[in-house]
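If you read the sequences in order, they're chains C and H. Read in order, the letters of the first sequence are residues 0 to 272 in numbering that gives the first Met the number 0. Read in order, the letters of the second sequence are residues 0 to 291 in numbering that gives the first Met the number 0.
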Amino acid sequence: MTGQMRARRWTRGLSIGVLGMIFGLSMIADVAAPAGYETQFREAPGAPPSRQFPLGTDELGRDRLSRLLHGSRVSLLLAPAAAALATALGLTLGIAAGYFGGMAGRAALALTDTVSSMPSLLLLLFARAMLPLNVAPAVSVTITFLLLGALGWTSGVRVFAAAIAGARDAEFVRQAVALGCRPGRIVGLHIAAAVRPVLAAQFWILIPMFLLAEANLGILGLGVSEPLPSLGSLLSEIPLTTAIGGQPWVLAPAALLLIVLLGLQGLLMKESA
Amino acid sequence: MPDSKRRPVAVLLRAAARLVMSLLITGFMTTCMIRLAPGFGADERELDSRLSAASIDELKRDRNDAHAAASYYRLLKNAAAGDLGFSEALNRPVLELIQQRYATTVRILFLGWGLAWTGALIVSAVGVILQSPAVRLSATAAAGVVLCIPSALLAYLCYLARTPAFAVVALVVFARVFRVTDNLFRGAQSMPHILAARAQGVSERKIFVRHILSATLAELIALAGASVAIAVSATIAAEALCDQPGLGQLAWKAALGRDLPLLVSLTFIIGTVTLVFNRAADALVELRRPAA
């Protein structure tokens, strides 16, 4: 085993360990968090870290650690859900382009090219503004991650189309066609099996993209609405003053997001190796 | 006309046709989405009891076309006449707002984009020419970290560090471009003609300038076109958080205030700019390919 391979294996192991720990802690946030995400300690607004509040409290007296755990749960559950939606949409257009081809295929690729040429943040701002901004927190979570899924499908279409076009010409698919198999069955059974690795890779690539996009929307005030926390909305609570140098704990959401994304990069390193 | 002269014209015409089609589709989709937005067509002036029924009917007629296609046609017609609509939140014509702000955006966008590309090309080239793993690994690690920071947070940090807004764009674009240029240049190093040049004792600098750059030029051009969209996204975040009065900040404010007419115009204009760059890059790549 070369040094590079050993380093890659070590990085992957570390990534799995760190991500597993963060994911596990966030999933049991209800139990692990010292308080609810909206519980206010009115006697201690803006408190520094202490035994009672390990990451201090925010301006409304809410425990930062509890909000961080609940917020990471929202982001870490919904980013994969949005990635699954985007992968499914990309696959649908990939099937149109790669399997059926013709006019529908050309239209699918033209649409993909056009949408992928647009600045992603502008599209998100535009689509988010189409929908009501003053909504219940649960609705804002749904809207945010549905939007990410609905707009983030473009990156995989060409890859899917190429993989599906390759699988379409394979011997076993030709035999299935010759035996009278219907297109739906061929796509659902044979083509899907052939492109599964591409689907998995695309799904994993999209998760960090959506975590970043949600963070951007949150910081810009268009993400998940108060009081429900997400990694993005917690980042928007970082005060825009140079005084944060004296209170580095307010940067905990940024540090957690960085660790999660670096962990995902470490995980994907193996996939792309 | 000889084929060698006819081909560039055909490529450019095809690119222009694709651009026009993309713009028409984008515009139509934008119009349709706007019409589906909750609150579309509502005007608080319709609740004004001082207005007559005829005036209210006129207001309704003015805002609601029967079909999306009719609405789109009117939008195009007005845009061609220089009327991009009226911002409800800022109470000013959209064209006036854009004229006041576009210079800031152009400056931030192209300074950042240019700096990022210069940096990415220099660092990748140094890594290849010096065959230095240290340069490559440190730049890869730095780019990897930047890729893990949302551009809006990067804008936050740059604002606190009092760095200019274009630094945000430069960092965001550098991180994405460097990874590709580095891979491209390292991939090209194992091409047979480059291995042969190295075996004959040609210096690494000459190999890079004469062979590696020309072998990867098409991919670099395509990447340059695509990176404009990345730079635009970063510009929006940078302007919004670094308080720069550009089109990105305007788009952000329009989104926060649900100022749909302003947002439609901005989406269309900024989308047009990125599409132009993308299609121009596609055309250049196609021109570099040998004719079939």
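Where a beta carbon is used, it is the ideal one built from N, C-alpha and C, also for glycine. Since we're looking at a predicted model, the values are computed, not measured.
Host alpha helix (DSSP H) of residue i (start-end)
i	result
asparagine 277 of chain H	259-287
glutamate 170 of chain C	170-177
threonine 180 of chain H	165-187
methionine 26 of chain C	2-26
glutamine 99 of chain H	93-128
phenylalanine 125 of chain C	119-129
asparagine 215 of chain C	195-218
tryptophan 251 of chain H	246-255
serine 70 of chain H	67-79
glutamate 42 of chain C	Taken as a continuous stretch (DSSP letters only), glutamate 42 of chain C belongs to no alpha helix (DSSP H), as it is neither H nor E.
isoleucine 220 of chain H	212-240
glycine 89 of chain C	63-94
serine 137 of chain H	132-146
Under 8 Å by beta carbon: chain C residues contacting residue i
i	result
glycine 111 of chain H	The premise fails here: glycine 111 of chain H is roughly 13 Å from chain C at the closest Cβ pair, so nothing lies under 8 Å.
Which listed residue (the options) has its alpha carbon closest to that of residue i
i	options	result
alanine 45 of chain C	C:Ala34, C:Asp57, C:Thr38 and C:Tyr36	Note that residue 45 of chain C is glycine in the sequence shown, not alanine. Measuring from the Cα of glycine 45 of chain C, the nearest candidate turns out to be C:Asp57.
threonine 162 of chain H	H:Leu74, H:Asp242 and H:Asp47	H:Asp242
leucine 188 of chain C	C:Leu198, C:Ala106, C:Glu213 and C:Val172	C:Val172
alanine 103 of chain C	C:Ser14, C:Ala160, C:Pro238 and C:Gln51	C:Ala160
glutamate 170 of chain C	C:Arg157, C:Ala193, C:Trp152 and C:Gly183	C:Ala193
glutamine 99 of chain H	H:Val272, H:Leu249 and H:Ser48	H:Leu249
arginine 73 of chain H	H:Leu89, H:Gly26, H:Phe109 and H:Ser150	H:Gly26
alanine 233 of chain H	H:Thr104, H:Ala282 and H:Glu218	H:Thr104
tyrosine 36 of chain C	C:Arg66, C:Ala177, C:Val197 and C:Gly262	C:Arg66
phenylalanine 209 of chain C	C:Thr111, C:Leu123 and C:Leu147	C:Leu147
alanine 199 of chain C	C:Leu219, C:Glu236 and C:Val158	C:Val158
glycine 143 of chain H	C:Gly12, C:Leu13 and C:Leu257	C:Leu257
alanine 141 of chain H	H:Ala279, H:Ala174 and H:Leu46	H:Ala174
valine 156 of chain C	C:Arg50, C:Val197 and C:Asp29	C:Val197
Residue i burial status per 10 Å Cβ neighbour count (16 or more: buried)
i	result
arginine 127 of chain C	buried
glycine 81 of chain H	exposed
serine 271 of chain C	Confidence at serine 271 of chain C is low in this model, with a pLDDT of 48, below 50, so the placement of that residue should be treated as unreliable; the coordinate-derived value is given next. Classification of serine 271 of chain C: exposed, given that the 10 Å Cβ count is below 16.
asparagine 215 of chain C	buried
methionine 129 of chain C	buried
alanine 237 of chain H	buried
glutamate 213 of chain C	buried
arginine 167 of chain C	buried
alanine 16 of chain H	exposed
isoleucine 94 of chain C	buried
alanine 69 of chain H	exposed
alanine 187 of chain H	buried
glutamate 95 of chain H	exposed
valine 263 of chain H	buried
aspartate 56 of chain H	exposed
Per-residue contacts from residue i into chain H (C-beta, under 8 Å)
i	result
threonine 113 of chain C	Ser21, Ile24, Thr25 and Leu274
alanine 193 of chain C	Result: empty, since nearest Cβ-Cβ is about 27 Å, beyond 8 Å.
Test item: CB-CB of residue i and residue j under 8 Å
i	j	result
alanine 169 of chain H	leucine 114 of chain H	yes
alanine 81 of chain C	phenylalanine 144 of chain C	yes
threonine 91 of chain C	leucine 205 of chain C	no
valine 172 of chain H	alanine 230 of chain H	yes
alanine 96 of chain C	leucine 88 of chain C	no
proline 207 of chain C	leucine 233 of chain C	no
proline 118 of chain C	isoleucine 269 of chain H	yes
isoleucine 190 of chain C	isoleucine 163 of chain C	yes
serine 25 of chain C	leucine 75 of chain C	yes
proline 136 of chain C	glutamate 225 of chain C	yes
glycine 70 of chain C	leucine 250 of chain C	no
valine 73 of chain C	proline 228 of chain C	yes
threonine 273 of chain H	alanine 228 of chain H	yes
methionine 268 of chain C	arginine 41 of chain C	no
proline 191 of chain H	isoleucine 218 of chain C	no
leucine 18 of chain C	leucine 266 of chain C	yes
alanine 253 of chain H	alanine 88 of chain H	yes
phenylalanine 109 of chain H	alanine 138 of chain H	no
leucine 216 of chain H	arginine 287 of chain H	yes
arginine 257 of chain H	leucine 132 of chain C	yes
Per-residue contacts from residue i into chain H (C-beta, under 7 Å)
i	result
glutamine 246 of chain C	None at all; the shortest Cβ gap to chain H is about 13 Å.
leucine 132 of chain C	Arg257
leucine 211 of chain C	Pro149
Closer than 9 Å at the beta carbon, the chain C residues around residue i
i	result
methionine 32 of chain H	Phe125, Ala126 and Met129
proline 191 of chain H	What proline 191 of chain H touches in chain C: nothing, since even the nearest Cβ is about 24 Å away.
proline 37 of chain H	Met129, Leu130 and Pro131
Contact set between residue i and chain C, taken where Cβ atoms lie within less than 7 Å
i	result
tryptophan 251 of chain H	Leu124 and Leu219
valine 231 of chain H	Pro118 and Leu121
asparagine 277 of chain H	Ser116
Chain-ordered chain H contacts of residue i [CB-CB under 9 Å]
i	result
glutamine 264 of chain C	Gly143, Leu146 and Cys147
isoleucine 237 of chain C	Leu152 and Tyr155
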